[in-house]
Structures are given as C-alpha cells and as structure tokens.
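Visitor: Take this structure first; my questions come after.
Protein chains: 2
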Amino acid sequence: MIVTKEQLLKFCFEVFTACGMPNDDANLASEVLVSADLRGIDSHGVARLSGYIRLWEAKRANLQANPKIIYETPSTATIDADAGLGLVVAPYAMKVAIEKARQVGTGWVAIKNSNHFGIAAYHAMMALEEDMIGFSMTNASPLVAPTNAMERMLGTNPICIAVPAGKEQPFVIDMATSNAANGKLEIAQRENKSIPLGWVQTETGKESTDANELKKGGALMPLGGHKGYGLGAAVDILSAVLSGANYGPWVPPFVSFLNPLPNLPGQGIGHFVGAMRVDAFRPKEDFKIHMDNWIQRFKEAQRIDPEIEVLIPGEPEFRMQQERSINGFGLNQNVANDLLDLAKKFNLNL
Amino acid sequence: MIVTKEQLLKFCFEVFTACGMPNDDANLASEVLVSADLRGIDSHGVARLSGYIRLWEAKRANLQANPKIIYETPSTATIDADAGLGLVVAPYAMKVAIEKARQVGTGWVAIKNSNHFGIAAYHAMMALEEDMIGFSMTNASPLVAPTNAMERMLGTNPICIAVPAGKEQPFVIDMATSNAANGKLEIAQRENKSIPLGWVQTETGKESTDANELKKGGALMPLGGHKGYGLGAAVDILSAVLSGANYGPWVPPFVSFLNPLPNLPGQGIGHFVGAMRVDAFRPKEDFKIHMDNWIQRFKEAQRIDPEIEVLIPGEPEFRMQQERSINGFGLNQNVANDLLDLAKKFNLNL
Numbered sequence: 000m001i002v003t004k005e006q007l008l009k010f011c012f013e014v015f016t017a018c019g020m021p022n023d024d025a026n027l028a029s030e031v032l033v034s035a036d037l038r039g040i041d042s043h044g045v046a047r048l049s050g051y052i053r054l055w056e057a058k059r060a061n062l063q064a065n066p067k068i069i070y071e072t073p074s075t076a077t078i079d080a081d082a083g084l085g086l087v088v089a090p091y092a093m094k095v096a097i098e099k100a101r102q103v104g105t106g107w108v109a110i111k112n113s114n115h116f117g118i119a120a121y122h123a124m125m126a127l128e129e130d131m132i133g134f135s136m137t138n139a140s141p142l143v144a145p146t147n148a149m150e151r152m153l154g155t156n157p158i159c160i161a162v163p164a165g166k167e168q169p170f171v172i173d174m175a176t177s178n179a180a181n182g183k184l185e186i187a188q189r190e191n192k193s194i195p196l197g198w199v200q201t202e203t204g205k206e207s208t209d210a211n212e213l214k215k216g217g218a219l220m221p222l223g224g225h226k227g228y229g230l231g232a233a234v235d236i237l238s239a240v241l242s243g244a245n246y247g248p249w250v251p252p253f254v255s256f257l258n259p260l261p262n263l264p265g266q267g268i269g270h271f272v273g274a275m276r277v278d279a280f281r282p283k284e285d286f287k288i289h290m291d292n293w294i295q296r297f298k299e300a301q302r303i304d305p306e307i308e309v310l311i312p313g314e315p316e317f318r319m320q321q322e323r324s325i326n327g328f329g330l331n332q333n334v335a336n337d338l339l340d341l342a343k344k345f346n347l348n349l
Numbered sequence: 000m001i002v003t004k005e006q007l008l009k010f011c012f013e014v015f016t017a018c019g020m021p022n023d024d025a026n027l028a029s030e031v032l033v034s035a036d037l038r039g040i041d042s043h044g045v046a047r048l049s050g051y052i053r054l055w056e057a058k059r060a061n062l063q064a065n066p067k068i069i070y071e072t073p074s075t076a077t078i079d080a081d082a083g084l085g086l087v088v089a090p091y092a093m094k095v096a097i098e099k100a101r102q103v104g105t106g107w108v109a110i111k112n113s114n115h116f117g118i119a120a121y122h123a124m125m126a127l128e129e130d131m132i133g134f135s136m137t138n139a140s141p142l143v144a145p146t147n148a149m150e151r152m153l154g155t156n157p158i159c160i161a162v163p164a165g166k167e168q169p170f171v172i173d174m175a176t177s178n179a180a181n182g183k184l185e186i187a188q189r190e191n192k193s194i195p196l197g198w199v200q201t202e203t204g205k206e207s208t209d210a211n212e213l214k215k216g217g218a219l220m221p222l223g224g225h226k227g228y229g230l231g232a233a234v235d236i237l238s239a240v241l242s243g244a245n246y247g248p249w250v251p252p253f254v255s256f257l258n259p260l261p262n263l264p265g266q267g268i269g270h271f272v273g274a275m276r277v278d279a280f281r282p283k284e285d286f287k288i289h290m291d292n293w294i295q296r297f298k299e300a301q302r303i304d305p306e307i308e309v310l311i312p313g314e315p316e317f318r319m320q321q322e323r324s325i326n327g328f329g330l331n332q333n334v335a336n337d338l339l340d341l342a343k344k345f346n347l348n349l
C-alpha cells in the first residue's frame, strides 16, 4: 500500500481524536509518529499506532493527560506526564528545556509517568531551529541483557544528539544502545534470514544467529559489549532514577498483553531531554562556520570504496525524509492491515 | 618494579615542579595521573608522564598556564586553557561546572587550547561528593576511521558519566568510543597476540587481527560500527566545535615527534565537562534510595555463568583502586624504564 505523508497524518489524527484525545495533542502525536516513517525508521512510526491505542484500551495510557512540572531550578525541571503518551509529553518537555536554555544557557528535563515517545530524533531536533544542541533519550521495555547476565534488564534505550549547522544539514545521531534495534530483528524474522552474531543471545545466554531468539525468551545484546551496557544503563538512570519513573526490569512493557510487574518502584516510563544554546559557549556565527567545516571535512574523508560515501550522522534519514515527503512510500503489508483494522474499528477511511 | 601510590605521587610532583610547574598544579596533575594507575587504567597513568614532558620540551604544552573563562552564561562557560595540561584545566573546569550547578541546577563547560586530560573518570567523579552527576569527555589525536572511510578522523574520544548512590558505590561509566582503546592494542603487541576482528582496519580499510596494524598506517574502528562513529563525532563536536579547539583530523597528536597540521581551525585539543545536581530533579534522599535499589537489582541479575558476576559500571575500577592503594602494584618494564630515564634527567630518586 502506497501512502502519502498527508494521508497518514490525517488518519493518525482521526484515530487519536476518536479515542478522545484533544485536537492539539492528536496533531502533535501524529506528527511525531509520521516523522519516523518519513525518516525511514518504520519500526517507530504508524506501525506502532495500534499499540498506543491498545495501551489506552488497557487503561495504561491517558489520552487526555495534563503533564505538569513538579520540580524545577533555573536550568532543570521534572515533569509528571500524567500517564500520557511520550509522543506528546516529550515535545512539551523539550519546550520547557528550550525556554530554560533561552534564560540561563541550557535546560534539562526529566520526565516520569510517561509512555513510549516515538523516535528520539523528533524531540532533540526541536532544538535545531533555536540554534541549540538538542538531546533526548528514553528508557524502554526490558529486552537487553547486561554483560554476563541472561536476564532482560534494559530497554534498547536510545540516545539522540542533534547539532545545528550553517549551510549544511544538521548533525543528528539517533541510536539504540543495543547492537541491533528490535526493528532489524523483525525484518530478519519476516524474511526468514539469520542475523549476525552479537545481536541476540538465547534464554541461557549463548550468542545466536536466530532472529526468533528474542521471542523464545532470549535477550538483545548491548552495543559493543559492556560499553553498550554502561551507556544503556546511564540512559535508564537519567530517564528514570532522576525523574521517578520505573527503571531496569520494572519498565512497563509497550505491548498491552503483558502486564507491568507488581510493586513498581516508580511511575510509567521515563525520558530525559535537554537543550544547550550554542551561543552560550561561543558566538553563533563562529559555531556555524566550524560546524559546516567539520561536516565538509568528514564528507571528504578518504573512502574505502570510491563508490561508497562517508556519511554524516543523520544524512541517510534526511535524504529519506525528502524523498518520502515528496513521493510517498510503501507500507509493509502487516502495518497496512493493522491500519485497516483501526479504520474499521473507528469507522474511518484510510 | 613494585611501586606505591605515595611513591608515584611524589615522583610525578617532583618531575612536574622540576619543569617549572607551580606546586598546586603539580600536585593536581600528579593526582590525576596516578588515579589512572590506581584504577587499573595503566595506559593513562604514569606511563604518559614522559609524553607530557616531551610536549613541554617541544613547547606545545605550557606548564605555567593560566586558564581563563572567556565566555559564560549562568549554566555554561567556555575556558581557554592557555595551552596547559588537561590534567590541570579539566578539574578547574569541573569546579566551574559544579559552582554553576549549585547556583542554577546544572553547569556545563567547554574547554579549548588544552592538552590530554588523563582519565575522564577523575574529572566526572569530582561531582560525586557534591551529590551531583558528573560528565566529562574529550577529543584526542585522530586514530579512528569513520564508517566507510580509510582515513583517521577521530580520537578514541571517551565519555564518562558518574552517578552518586547512597550506601552503594557510585555508578561510573568511562568508555572510549572505539571498539578497543589503544592501551589494549599495546598489550596485544607486547604479548605478540592477535586481536579480535573489529578493533582495527588496515591502511586500505580491511578488517584485521594484527595488533600492529595501527603502526602500519591502519586505523582503529568505532564502537559497534556507525553508532560509535556517531558517538565519537558528537564528543568531538561538543569538545571542540563548541569550544573553539581543533577537531577531527586537525586535533594535534599527543606524541611530540609528530607535528600538528598546518592551518589549524582551532586551538589545542578540546574537552567538555558538566555537573547536574540530583536535587535539581528530585529530593536527594529519594534519588539515593532508588539509585541503591537500581544497583542492587542489577547486581542480582540472573547470571549466565554462576561463577561470573554481573558488574556495575565502575565496580572493577573501584576494586582495583582499593587493592592498589593498599598493596601497591607492579609497573610494566617499559614504563619503569621510562620513569627511571626521567629520574636521571631531572636528577631525582624513584
């Protein structure tokens, strides 16, 4: 099924409002979701729409949430997301961070009592138009085993850093702290292909090339071994121990058919976002000249294969976004069926 | 040669002061260097003392530097290190960050015109006794090739995050953004052992198991492929594009026998440090209770091998530090010879 950006935005909006979400929030949530598809991160786009709705049906997500600042200093805040969608509360938190950065140079916001926030890049990239460097990270349902452990203790806990440039496109790194994101496993499962060693381990902690290992009780493995474990753990701590959300194995699962554990130590899942004014460190124009120079120099790095470019982080997603915004793009059949089911359920056209 | 902490501190101090470094700076630089040996990061400890001295002899490091804040906001500052040692200016910058965090919740400092700062952990861990989360990172001499490139464009650009706990030891992740730190290659070279694929590539960009590949013109490979390239690049940008230091392939080499490139875009090497008060987000006591709970739960994660513990980041270094501080430790013969040469040169006893 070939779809356009506008079509998907409209459909998501209609689904969210059909569930009672206020128009502004529904618009924003739709924009965040569809931005993932446009950037080519299909696992975090409309493929998840039905999952968010099921969380609402299970009364685990509040679509009429009223997030509030519950703690703050001139450069920080903690937000209680009121069990809303991260899709909505993370942009709200970024606005708070940006306003604090305007006042005192930087702003940092920890969020508790939230749900999945979509792609990290959307939120961090909000800082770019303000000539700020944006940061966003989140914890997530436990799928990753720490080094030497066979138990799932961490989510794929992504980190995004977005840096503005002058004439060049911004630098945007948005990466899971596991070797492979769950989306890549799903593709291998669908195509019935084996996966590289290092992505997953079996239920008893042995490395495996079977893409179905996670379903059989195994775990994802952290990026590059113990370093990825440390990074993912740091994301968990900043997102949840700092905010008062659940952490580690207690992070509530995204899928509605699994219940949260009993005796939770916090509320919902946690995020952490930040914004730093570049002109809190040096004049904006100087920064942009050197950022452009940085980007140009890295693009000109000697290639291993003359036919294969050295890319700047964010460049593949930016190209995909340009192309998909103009030409539309194809939805995977499972995702299309999922959306058609939603259309039927809420009596909508897709 | 078996040495004690006190012996090494005294010797480093005497070498630095013999080169005209003021007593306070010499004390601090010695403490930072020796802290690396105590933590078991031998590649960043007294093994580098002669390297710092050679940089001073080559007039590339100023041992009487007077670092200055050249730009600031309530939560940020940029420091010109006056070509001093990072060993001294990074702790100075952390003090500035900590003072800003006291005032407005967080403090972030970019440093230019500096030299190698030793282990990242020393600086980030300064935040711990203030009940703050500490961050430190630095760029470094180019050794790492971006994905698809055969050229060395980035240093091993480490990131450190240090988080205070209550009764438990703090959480400290201190990691290079390459798959292997240079120190690990040196050990394999010394022992004439092959190394795992993924650590280095040849001069023409092919993966290799030869520990000598770097010396033959090859490059280190980024942690887990393109993600490590992105992380190392982000460290470079925060440390140098933000501060006005040199970045990418222009970062001046640590070794004094290689000259910096002509037409440098900045000054010296760059660092970036930060401090966040935990009670800028939630009451300190709550944070500590949950941080202790986080640590205890991760230590209890189901093990793959019942004999092999699941460790908290920073735990191995903490144990090493306790043991080495009490019992002393052995210096590698090359390092010992290096120190004996310095003793002779400056007419000192070791």
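Chains as they are written, first to last, in numbering that gives the first Met the number 0: chain C, 0 to 349; chain D, 0 to 349. From the three backbone atoms N, C-alpha and C, an ideal C-beta is built for every residue, glycine too. What you are looking at is a predicted structure, and each value in this text was computed from that prediction instead of being measured.
1. Does D/P312 pass the burial test, meaning 16 or more other C-beta atoms within 10 Å, or should it be called exposed?
2. D/I268 and D/A57: beta carbons closer than 9 Å?
3. Quick one: using the 10 Å Cβ neighbour count with 16 as the cut-off for buried, is D/K166 buried or exposed?
4. Quick one: using the 10 Å Cβ neighbour count with 16 as the cut-off for buried, is C/P163 buried or exposed?
5. Does D/V143 come within less than 9 Å of chain C when only Cβ atoms are used?
6. Can you grab the Cα-Cα spacing for the pair C/N211 / C/L184, in whole Å?
7. How far does the alpha helix (DSSP H) with C/F280 in it reach, from first residue to last?
8. Mark C/T203 as exposed unless 16 or more other C-beta atoms lie within 10 angstroms of its C-beta, in which case mark it buried.
9. Taking the alpha-carbon of D/S177 as reference, which of D/S207, D/N26, D/A187, D/P145 has the nearest alpha-carbon?
10. Is there a Cβ of chain D sitting closer than 9 Å to that of C/G104, yes or no?
11. Which whole runs of the alpha helix (DSSP H) in the stretch 219 to 306 of chain D are 4 residues long or more, in chain order?
12. Can you give the Cα-Cα distance for D/A342 and D/N333, rounded to whole angstroms?
13. With burial defined as no fewer than 16 other Cβ atoms inside 10 Å of the residue's Cβ, what is the status of C/P157: buried or exposed?
14. On the criterion of 16 or more Cβ atoms from any shown chain inside 10 Å, does D/K256 qualify as buried, or is it exposed?
15. So is C/R47 buried or exposed if we call it buried at 16+ other beta carbons inside 10 Å?
16. Using the beta-carbon count (16 or more within 10 Å), is D/R276 buried or exposed?
17. Anything in chain C within Cβ reach of D/S242, meaning under 8 Å, just list it in chain order.
18. Let me confirm a value: D/M136 is counted as buried when at least 16 other C-beta atoms fall within 10 Å, else exposed. Which label applies?
19. Mind pulling the chain D residues with CB within less than 7 Å of C/W107?
20. Measure how close the beta-carbons of C/L84 and C/Y51 come, nearest whole angstrom, since I'm counting them as under 8 Å.
21. Relative to the C-alpha of D/L222, which residue among C/G229, C/M93, C/G216, C/G217 is closest?
22. Contact check, D/A279 vs C/T75 under 8 Å by CB: the rounded distance?
23. Out of curiosity, what's the CA-to-CA distance linking D/I153 and D/Y246?
24. Does DSSP classify D/F12 as helix, strand or coil?
25. Anything in chain D within Cβ reach of C/F317, meaning under 7 Å, just list it in chain order.
26. Nearest by alpha-carbon distance to C/V234: which of C/C159, C/L219, C/Q266, C/T208 is it?
27. According to DSSP, is D/Q102 part of a helix, a strand, or is it coil?
28. Could you pull out every residue in the same chain whose Cβ sits closer than 8 Å to the Cβ of D/P90, ignoring the five residues on either side in sequence?
29. In the DSSP assignment, find the alpha helix (DSSP H) that holds D/F345 and state where it starts and stops.
30. Closest by CA to D/P248, which one among D/E150, D/G39, D/A109, D/R53?
31. Within a Cβ cutoff of 6 Å, which residues of the same chain sit near D/R323, ignoring the five residues on either side of it in sequence?
32. Can the beta-carbon of D/A180 be found less than 9 Å from the beta-carbon of D/T155?
33. Can you give me, in chain order, the residues of the stretch 296 to 307 of chain D that have a beta carbon less than 8 Å from any beta carbon in chain C?
34. Leaving aside the five residues before and after C/S49 along the sequence, list all residues of the same chain whose C-beta is less than 8 Å from its C-beta, in chain order.
35. Hey, D/V361 and D/F297 are a contact pair by Cβ (cut 8 Å); roughly how many whole angstroms apart?
Guide: To lay it out plainly:
1. Residue mapping note: residue 312 of chain D aligns to position 313 of the second sequence, counting from 1. Counting Cβ neighbours within 10 Å, D/P312 comes out buried, since at least 16 surround it.
2. For the purposes of this step, residue 268 of chain D is taken as residue 269 along the second sequence, with counting starting at 1. For the purposes of this step, residue 57 of chain D is taken as residue 58 along the second sequence, with counting starting at 1. No; because the gap between Cβ atoms is not below 9 Å, this pair is not in contact.
3. As a position in the second sequence, residue 166 of chain D is number 167, starting the count at 1. By the neighbour-count rule (16 or more Cβ atoms within 10 Å), D/K166 is not buried but exposed.
4. Along the first sequence, one-based indexing puts residue 163 of chain C at 164. Buried is the call here.
5. The residue you call residue 143 of chain D lines up with position 144 of the second sequence. No, its Cβ sits nowhere closer than 9 Å to a Cβ of chain C.
6. Here residue 211 of chain C corresponds to residue number 212 of the first sequence, with the count starting at 1. Here residue 184 of chain C corresponds to residue number 185 of the first sequence, with the count starting at 1. Using only the alpha carbons, I get a separation of about 8 Å.
7. The residue given as residue 280 of chain C occupies position 281 in the first sequence. Taken as a continuous stretch (DSSP letters only), C/F280 belongs to no alpha helix (DSSP H), as it is neither H nor E.
8. Counting from 1 along the first sequence, the entry for residue 203 of chain C is found at position 204. It counts as exposed.
9. The count along the second sequence starts at 1 and reaches residue 177 of chain D at position 178. The candidate whose alpha carbon is nearest that of D/S177 is D/P145.
10. Residue 104 of chain C sits at position 105 when you count from the first residue of the first sequence. It does; some Cβ of chain D falls within 9 Å.
11. 225 to 235, 283 to 298
12. Here residue 342 of chain D corresponds to residue number 343 of the second sequence, with the count starting at 1. Here residue 333 of chain D corresponds to residue number 334 of the second sequence, with the count starting at 1. Near 14 Å, if we compare the C-alpha coordinates of D/N333 and D/A342.
13. Within the first sequence, numbered from 1, the residue matching residue 157 of chain C stands at position 158. Its Cβ being crowded by 16 or more others within 10 Å, C/P157 is buried.
14. Along the second sequence, one-based indexing puts residue 256 of chain D at 257. What sits at residue 256 of chain D in the sequence shown is Phe, not Lys. Classification for D/F256: exposed.
15. In the first sequence, the residue the question calls residue 47 of chain C occupies position 48. C/R47 is buried by the Cβ-count criterion.
16. Residue 276 of chain D sits at position 277 when you count from the first residue of the second sequence. D/R276 comes out buried.
17. Residue numbering aside, residue 242 of chain D sits at position 243 when the second sequence is read from its first letter. F280, R281, listed in chain order.
18. As a working note, residue 136 of chain D is residue 137 in the second sequence. It is buried - the Cβ of D/M136 has at least 16 other Cβ atoms within 10 Å.
19. Residue 107 of chain C sits at position 108 when you count from the first residue of the first sequence. What C/W107 touches in chain D: T105, M275.
20. In the first sequence, the residue the question calls residue 84 of chain C occupies position 85. In the first sequence, the residue the question calls residue 51 of chain C occupies position 52. With 8 Å as the limit, C/L84 and C/Y51 qualify as a contact, their Cβ atoms being about 6 Å apart.
21. Mapped onto the second sequence, residue 222 of chain D falls at position 223. With distances taken between Cα atoms, D/L222 lies closest to C/G229.
22. The sequence position of residue 279 of chain D within the second sequence is 280, counting from 1. The sequence position of residue 75 of chain C within the first sequence is 76, counting from 1. The Cβ separation is near 4 Å, so the contact holds.
23. Against the second sequence, residue 153 of chain D aligns to sequence position 154. Against the second sequence, residue 246 of chain D aligns to sequence position 247. A small correction: the amino acid at residue 153 of chain D is Leu; Ile does not occupy that position in the sequence shown. C-alpha separation (whole angstroms): 8 Å.
24. On the second sequence, residue 12 of chain D is found 13 positions in, with the first residue counted as 1. Residue state, collapsed to three classes: helix.
25. Here residue 317 of chain C refers to the residue found at position 318 of the first sequence. In chain order: nothing, as chain D lies at least about 14 Å away.
26. Taking the first sequence and counting its residues from 1, one reaches residue 234 of chain C at position 235. When only C-alpha atoms are compared, the closest one is C/C159.
27. Mapped onto the second sequence, residue 102 of chain D falls at position 103. Looking at D/Q102 - three-state DSSP - the assignment turns out to be helix.
28. Here residue 90 of chain D refers to the residue found at position 91 when the second sequence is read from its first residue. Taken in chain order, the residues that qualify are L27, V31, Y121, H122, M125.
29. As a first step, residue 345 of chain D must be located in the second sequence, where it is residue number 346. Counting along the chain, D/F345 falls outside any alpha helix (DSSP H), and DSSP gives it neither H nor E.
30. What you label residue 248 of chain D is simply residue 249 of the second sequence in a count that begins at 1. It is D/E150.
31. Your numbering for residue 323 of chain D matches position 324 in the second sequence. The answer, listed in chain order, is L37.
32. Your numbering for residue 180 of chain D matches position 181 in the second sequence. Your numbering for residue 155 of chain D matches position 156 in the second sequence. Cβ distance < 9 Å, so D/A180 and D/T155 count as in contact.
33. R296, F297, A300, Q301, R302, I303, D304, I307
34. Residue numbering aside, residue 49 of chain C sits at position 50 when the first sequence is read from its first letter. Excluding positions up to five away in sequence, the list reads D337, L338, D340, L341.
35. No statement about residue 361 of chain D is possible, as the shown extent of chain D runs from 0 to 349 and does not include it.
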